[in-house]
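Residues are numbered in the working numbering as their position in the sequence shown, beginning at 1, plus a constant of 100.
From the three backbone atoms N, C-alpha and C, an ideal C-beta is built for every residue, glycine too.
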Amino acid sequence: MLDMAVGIILGASFNKVINVLVKEVMMPPLSLLSGSMHFEDQRIVLKDPILDPDGVVVTEEVAIGYGALLEAFIDFFVIGFTVFVVVKFMNKIIKRAE
101 MLDMAVGIIL GASFNKVINV LVKEVMMPPL SLLSGSMHFE DQRIVLKDPI LDPDGVVVTE
161 EVAIGYGALL EAFIDFFVIG FTVFVVVKFM NKIIKRAE
């Protein structure tokens, strides 16, 4: 039970570290390639917003936010790769101990 609690706590902390790694270290260089500072704001606008004569938005724009999806995929792959490396390392240690 204690092992599981420690694993959950470490997993939550690890998630925060990965989020910062992706958002603050990996995404800025990718943002330079796309020409935007914030990659999560990247989207394909399907329909522009409709404004009244005063400039107030009457109908919101319709857009596909692919930047946030790309960030989620990068998070997933970084976490998956890190877990893979940790499991391989732990298996190697366990085999040496036997």
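DSSP places Leu-170 in the uninterrupted alpha helix (DSSP H) bounded by 166 to 197. Within the model, the alpha-carbon separation for Leu-151 versus Val-145 is close to 16 Å. With fewer than 16 neighbouring CB atoms inside 10 Å of its own CB, Phe-184 falls in the exposed class. In the three-state reduction of the DSSP assignment, Val-125 falls in the helix class. DSSP, reduced to helix, strand and coil, places Val-156 outside both helices and strands of the structure shown, so it counts as coil. For Asp-103, the enclosing alpha helix (DSSP H) starts and ends at 102 to 120. Linking Thr-182 to Val-158 through their CA atoms gives a straight-line distance of about 46 Å. Across the structure, Ala-197 and Met-126 are spaced so that their CA atoms are roughly 37 Å apart.
Of all alpha-carbon atoms in Leu-170, Ile-179 and Glu-161, the one lying nearest the alpha-carbon of Pro-149 is that of Glu-161.
In the DSSP assignment, the residues bridged to Leu-151 are Val-157.
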